[in-house]
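Residue numbers (my numbering), protein chains in the order written: chain A, 57 to 372; chain B, 12 to 350.
From the three backbone atoms N, C-alpha and C, an ideal C-beta is built for every residue, glycine too.
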Amino acid sequence: MGLLRYTIRRLLQLIPVLFGIVTLTFVMMHALPGDPVRLWLGTEPGQELADELIEAHGFDRPMHEQYVDYLVRLAQGDLGHSFVYNRPVVDLMWERMEPTLVVMGLSYLVALPVALGLGIYGAARHNRAGDHVSRFAGLAGISTPNFWLALMMIYMFSYNFGLLPATGYTSPFVDPVEAAVLLIMPVLTLATAQTALLMRMTRSSMIEEMREDYVETARAYGIPERKILLRHSFRNALLPLVTIVGLQVSTLLGGSVIVEEIFAIPGLGRLFFDSVIEQDYSVAVGVTLFFSTLFLIGVVLTDIAYAYIDPRIKYD
Amino acid sequence: MSLLEVENLRTYFFTPAGIVQAVDGVSFEVDAGESLGIVGESGAGKSVAVKSIMGLIRDPGRIVEGSVRFDGRELTELSEAELRREIRGNEISIVFQDAMSALNPVFTVGSQLEEVIVENTDRSPSAARERAIELLDDVGIPNPDRRIDEYPHQYSGGMQQRAMIAMALACDPRLIIADEPTTALDVTIQAGILELFDEIQETHDTSIVYVTHDLGVVREVCDRVSVMYLGRVVESAPYEELYRYPKHPYTQSLLNSVVTPDEILDEINPIGGTMPSAVSPPSGCRFRTRCPEAVEECVHVTPRARQVGDSHTAACLLYDESNSHEEPTLREITNQTND
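Structure representation (structure tokens):
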């Protein structure tokens with residue numbers, strides 16, 4: 057079947073892209089000024105200890121050797137060793153993965169229905185009061201930086217009203233109630249901009265579709281307006297929306313770094329941030345690789361979704 | 012009583028650029044089983060007139076005056092829900108010009124037909140599917156049981172239009188409006204579609220309002236013709252009568268400008284000038300700015316439809332008194348002056 061072959065081909069095409077990303081990140085991390093070992097050890101311990109660490113991690117060898125070495129191990133599924141945590145990067149990332157995926161997943165779960173609902177509502181009430189209100193809210197949502205929103209929420213709900221804890225994370229699989237309380241603000245922070253952007257896209261896409269000839273046909277044949285909106289137009293409006301949803305994976309990943317830092321969530325975003333600050337090479341490259349893979353899979357899924365939504369698109 | 016009686020219909024569009032008087036006092040009638048052609052240039056208001064019948068005019072357009080009686084029932088007074096449930100699709104259906112864009116690209120032809128059937132009748136979904144296959148067969152689509160599951164883009168242009176016609180037939184309407192259904196098709200395919208309309212009219216005894224700018228097409232399908240110019244009907248007559256004895260100067264010019272294969276280009280007489288804007292149409296007779304017969308009076312007097320022959324009316328001051336075929340027609344006169 058064409059679609060399966062297409063999917064496999066697209067996934068194979070990701071390999072050179074990921075290779076490029078690994079190379080770039082590797083070079084950039086190593087090009088950073090400063091000595092990671094000294095950064096980590098501080099100034100107190102003697103040169104002997106530092107030398108030992110440098111040798112253990114191979115930092116004394118030429119960069120191209122380190123690079124080839126890294127690639128060989130990467131091909132075997134080994135992302136290297138964190139010298140800050142003194143643990144394999146894979147283990148470290150595995151531990152930190154859950155909070156990030158939970159926050160990201162939940163914010164999608166919040167953003168998608170709200171955005172689609174409001175967008176369709178806005179299109180149905182095109183140029184009436186409800187539309188203007190939702191459009192304004194959308195613009196405000198897009199224009200609000202997520203770090204500012206996060207701080208304002210903490211100020212309001214944690215500091216002023218004392219309603220929600222400002223920081224921390226509990227796995228929803230361990231204690232759902234506590235997790236819910238802790239997750240409200242981070243999820244809302246991440247979801248706001250997503251919702252706003254997606255809502256405006258939904259609205260304009262729907263308005264465009266409602267002007268198409270097939271809508272007039274449906275009206276002329278006695279199809280109820282609700283069905284025209286939700287079935288006929290929405291299916292057509294979905295195409296540009298799927299693109300946005302796919303590309304938003306990257307916005308969410310970027311946002312997760314900020315949100316995890318502000319709300320002290322022990323996730324991949326925070327791990328990445330810390331690893332860059334501490335020049336923990338293997339961790340930084342590993343997380344980058346993981347984030348890139350997530351994003352690229354999002355892009356491939358988008359392309360595949362096209363085929364399901366639009367029968368005119370053929371893959372071969 | 013005619014099946015459809017449109018009387019003094021005015022449909023205006025209230026745009027920022029001004030009020031577009033797209034349809035301005037149009038009247039016509041269609042008997043049961045009869046086919047009426049509505050002919051005119053682009054922008055004459057033909058489409059708006061027929062869409063007004065079904066209440067399909069959307070903002071900023073509105074029917075500002077006039078009545079549309081279908082089987083004695085006043086359609087302009089029906090609510091949107093009443094029109095939807097009782098008229099659209101089941102009593103009156105419409106075939107649009109561009110079937111490709113009139114059909115929804117993301118649904119199969121079958122599912123669109125089935126939806127119309129289920130929405131307008133009490134057929135079950137499986138019965139609707141059977142009916143849909145039957146309809147596709149009726150309109151001449153080969154292998155209908157297979158092609159029903161294809162998408163519109165997998166159909167050729169002619170087949171898309173046939174599928175559209177199948178939709179129009181789906182609930183046995185008493186009136187089918189065909190809004191330039193063959194304009195987007197090439198001539199050989201057009202002939203097939205016209206034949207199909209003829210066949211439908213004969214076998215289903217359906218009335219048809221056929222909108223076109225092509226007088227040749229009218230000859231194929233229509234019993235009677237109304238000629239529209241800038242939002243008004245200028246002349247109405249049975250086809251043969253109109254073709255032989257056109258009364259209104261516009262109809263005459265229109266017939267003169269028809270290209271026939273044995274003519275060479277120099278002999279065609281296109282109508283001079285362009286149609287004025289419907290936002291600020293000329294006072295009095297709207298055709299006067301391009302009319303070879305225009306006199307001073309035409310500026311001030313709006314001509315009304317007058318009987319000029321057997322079920323033949325024309326709205327021109329030339330015929331305010333006379334109504335005889337004995338006099339030479341204006342077409343003959345203009346032809347003489349051309350020689």
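* Asked: With residue 105 (chain B) and residue 171 (chain A) assumed to form a contact (beta carbons below 8 Å), what rounded beta-carbon distance in angstroms separates them?
  -> The residue given as residue 105 (chain B) occupies position 94 in the second sequence. The residue given as residue 171 (chain A) occupies position 115 in the first sequence. Between residue 171 (chain A) and residue 105 (chain B) the Cβ distance is about 35 Å, and since that is not below 8 Å, they are no contact.
* What residue does the alpha helix (DSSP H) around residue 43 (chain B) start on, and which one ends it? -> Position 32 of the second sequence, counting from 1, holds the residue named residue 43 (chain B). From DSSP, residue 43 (chain B) is part of no alpha helix (DSSP H); its letter is neither H nor E.
* Name the chain B residues whose beta carbon is nearer than 8 Å to that of residue 125 (chain A)? -> For the purposes of this step, residue 125 (chain A) is identified with residue 69 of the first sequence, where counting begins at 1. In chain order: nothing, as chain B lies at least about 52 Å away.
* Asked: So, is the C-beta of residue 76 (chain A) closer than 8 Å to a C-beta in chain B?
  -> Here residue 76 (chain A) corresponds to residue number 20 of the first sequence, with the count starting at 1. Answer no: the Cβ-Cβ gap between residue 76 (chain A) and chain B never drops below 8 Å.
* Give the secondary structure of residue 114 (chain A) by DSSP, where H, G and I count as helix, E and B as strand, and everything else as coil. => Translated into the one-based positions of the first sequence, residue 114 (chain A) becomes position 58. Residue 114 (chain A) falls in the coil class under three-state DSSP.
* **Spatial neighbours of residue 351 (chain A) in its chain, beta-carbon cut-off 6 Å, leaving aside the 5 residues before and after** => Here residue 351 (chain A) is taken as the residue at index 295 of the first sequence, counted from 1. Result list for residue 351 (chain A): 305 and 306, in chain order.
* Start and end residues, beta strand (DSSP E) containing residue 270 (chain A) -> Counting from one through the first sequence, the residue named residue 270 (chain A) turns up at place 214. Not the beta strand (DSSP E): residue 270 (chain A) falls in the alpha helix (DSSP H), residues 269 to 276.
* Asked: What did DSSP end up calling residue 288 (chain A) once you bin it into helix, strand or coil?
  -> To locate residue 288 (chain A), count along the first sequence from 1; it is residue 232. In this structure, residue 288 (chain A) counts as helix in the three-state DSSP scheme.
* With DSSP as the reference, label residue 131 (chain B) as helix, strand or coil. => Reading the second sequence from its first residue, position 120 is the one you call residue 131 (chain B). Three-state DSSP puts residue 131 (chain B) in a helix.
* Indicate whether residue 166 (chain A) and residue 237 (chain A) have their beta-carbon atoms separated by less than 8 Å. => In the first sequence, counting from the first residue as 1, residue 166 (chain A) sits at position 110. In the first sequence, counting from the first residue as 1, residue 237 (chain A) sits at position 181. No, the pair does not count as a contact, with Cβ atoms beyond the cut-off.
* Do the CB positions of residue 47 (chain B) and residue 235 (chain B) come within less than 8 Å of each other? -> Translated into positions along the second sequence, residue 47 (chain B) becomes position 36. Translated into positions along the second sequence, residue 235 (chain B) becomes position 224. Result yes, Cβ atoms of residue 47 (chain B) and residue 235 (chain B) sit closer than 8 Å.
* Exposed or buried, residue 108 (chain B), counting other C-beta atoms within 10 Å across all chains shown (16 or more means buried)? -> Translated into positions along the second sequence, residue 108 (chain B) becomes position 97. Residue burial annotation: residue 108 (chain B) is buried, with at least 16 other C-beta atoms found within 10 angstroms of its C-beta.
* Closest residue to residue 323 (chain A) among A:113, A:362 and A:160 (Cα-Cα distance) -> In the first sequence, residue 323 (chain A) corresponds to position 267, counting from 1. Among A:113, A:362 and A:160, the Cα nearest to that of residue 323 (chain A) is on A:160.
* Asked: What distance in whole Å lies between the Cβ atoms of residue 268 (chain A) and residue 112 (chain B), which are believed to be in contact at a cut-off of 8 Å?
  -> On the second sequence, residue 112 (chain B) is found 101 positions in, with the first residue counted as 1. On the first sequence, residue 268 (chain A) is found 212 positions in, with the first residue counted as 1. Yes, they are in contact, since the Cβ atoms of residue 112 (chain B) and residue 268 (chain A) sit about 7 Å apart, within 8 Å.
* Output, in chain order, the set of chain A residues within a Cβ distance shorter than 9 Å of residue 247 (chain B). => As a working mapping, residue 247 (chain B) is identified with position 236 in the second sequence. Near residue 247 (chain B) there are no residues of chain A at all, since even the closest Cβ is about 25 Å away, more than 9 Å.
* To do: Check whether the stretch 146 to 156 of chain A touches the stretch 324 to 336 of chain A, counting contact only when three or more Cβ pairs, one atom from each stretch, lie closer than 8 Å.
  => yes
* **residue 343 (chain B) in three-state terms, based on DSSP** => The residue given as residue 343 (chain B) occupies position 332 in the second sequence. Confidence is the limiting factor: at residue 343 (chain B) the pLDDT is only 45, short of 50, which leaves the residue's position unreliable, though a coordinate-based value still follows. Three-state DSSP puts residue 343 (chain B) in a helix.
* How would you label residue 132 (chain A), buried or exposed, when you count the other beta carbons within 10 angstroms and need 16 or more for buried? -> On the first sequence, residue 132 (chain A) is found 76 positions in, with the first residue counted as 1. Classification of residue 132 (chain A): exposed, given that the 10 Å Cβ count is below 16.
* Kindly indicate which residue of A:303, A:299 and A:193 has the alpha-carbon position closest to the one of residue 366 (chain A). => Position 310 of the first sequence holds residue 366 (chain A). With distances taken between Cα atoms, residue 366 (chain A) lies closest to A:299.
* **residue 341 (chain B) versus residue 261 (chain B) - alpha carbon distance** => Residue numbering aside, residue 341 (chain B) sits at position 330 when the second sequence is read from its first letter. Residue numbering aside, residue 261 (chain B) sits at position 250 when the second sequence is read from its first letter. At residue 341 (chain B) the pLDDT is 37, less than 50, meaning the model places this residue with poor confidence and gives no usable figure here.
* **Cβ neighbours of residue 141 (chain A) in the same chain (closer than 7 Å, five flanking residues each side left out)** => Here residue 141 (chain A) refers to the residue found at position 85 when the first sequence is read from its first residue. Cβ within range, chain order: 148.
* For residue 81 (chain B), the residue or residues it bridges with in DSSP -> Start at 1 with the first residue of the second sequence, and residue 81 (chain B) comes out as number 70. Paired residues: B:15 and B:84.
* Sorted by chain position, which residues of the same chain lie with C-beta nearer than 8 Å to residue 207 (chain B)'s C-beta, five sequence neighbours on each side aside? -> Position 196 of the second sequence holds residue 207 (chain B). 150, 151, 173 and 176, listed in sequence order.
* Are there 16 or more other CB atoms within 10 angstroms of the CB of residue 321 (chain B), so buried, or fewer, so exposed? -> Position 310 of the second sequence, counting from 1, holds the residue named residue 321 (chain B). Residue 321 (chain B) should be labelled exposed.
* Cα-Cα separation between residue 345 (chain A) and residue 110 (chain A), rounded to whole angstroms -> Sequence index remark: in the first sequence, residue 345 (chain A) carries index 289 (1-based). Sequence index remark: in the first sequence, residue 110 (chain A) carries index 54 (1-based). Straight-line Cα distance between these residues: approximately 24 Å.
* Whole-angstrom distance between residue 76 (chain B) and residue 187 (chain A), CA atom to CA atom -> Your numbering for residue 187 (chain A) matches position 131 in the first sequence. Your numbering for residue 76 (chain B) matches position 65 in the second sequence. Looking at the two C-alpha atoms, the distance is approximately 31 Å.
* Asked: In chain B, which residues lie with their C-beta within 8 Å of the C-beta of residue 296 (chain A)?
  -> In the first sequence, counting from the first residue as 1, residue 296 (chain A) sits at position 240. Result: empty, since nearest Cβ-Cβ is about 13 Å, beyond 8 Å.
* Asked: Cβ of residue 162 (chain B) less than 8 Å from any chain A Cβ?
  -> Working through the second sequence from its first residue, we reach residue 162 (chain B) at position 151. Yes, contact with chain A.
* Whether residue 232 (chain B) touches residue 197 (chain B) by CB criterion (8 Å) -> Indexing the second sequence from 1 puts residue 232 (chain B) at position 221. Indexing the second sequence from 1 puts residue 197 (chain B) at position 186. Not closer than 8 Å, so no.
* Asked: Quick one: which chain C residues come within Cβ less than 8 Å of residue 366 (chain A)?
  -> Among the chains of the structure shown, chain C does not appear; the protein chains present are A and B.
* Under three-state DSSP, which class holds residue 56 (chain B)? -> As a first step, residue 56 (chain B) must be located in the second sequence, where it is residue number 45. Of the three classes helix, strand and coil, the one that applies to residue 56 (chain B) here is coil, per DSSP.
* Quick one, which of A:332, A:273, A:163 and A:260 has its alpha-carbon nearest residue 373 (chain A)'s? -> Coverage of chain A is limited to positions 57 through 372, which leaves residue 373 (chain A) absent and any answer about it impossible.
* Asked: Under 8 Å between the Cβ atoms of residue 188 (chain B) and residue 103 (chain B)?
  -> In the second sequence, residue 188 (chain B) corresponds to position 177, counting from 1. In the second sequence, residue 103 (chain B) corresponds to position 92, counting from 1. Contact: yes.
* **Burial state of residue 239 (chain B) (16 or more Cβ within 10 Å)** => Looking up residue 239 (chain B) in the second sequence gives position 228. Buried is the call here.
* Sequence-distant residues of the same chain with beta carbon closer than 6 Å to residue 27 (chain B), five excluded per side -> Position 16 of the second sequence, counted from the start, is the residue given in the question as residue 27 (chain B). Result list for residue 27 (chain B): empty, nothing under 6 Å.
* To do: Classify residue 351 (chain B) as buried or exposed, calling it buried when 16 or more other Cβ atoms lie within 10 Å of its own Cβ.
  => Missing from the structure shown is residue 351 (chain B); chain B here goes from 12 to 350 and no further.
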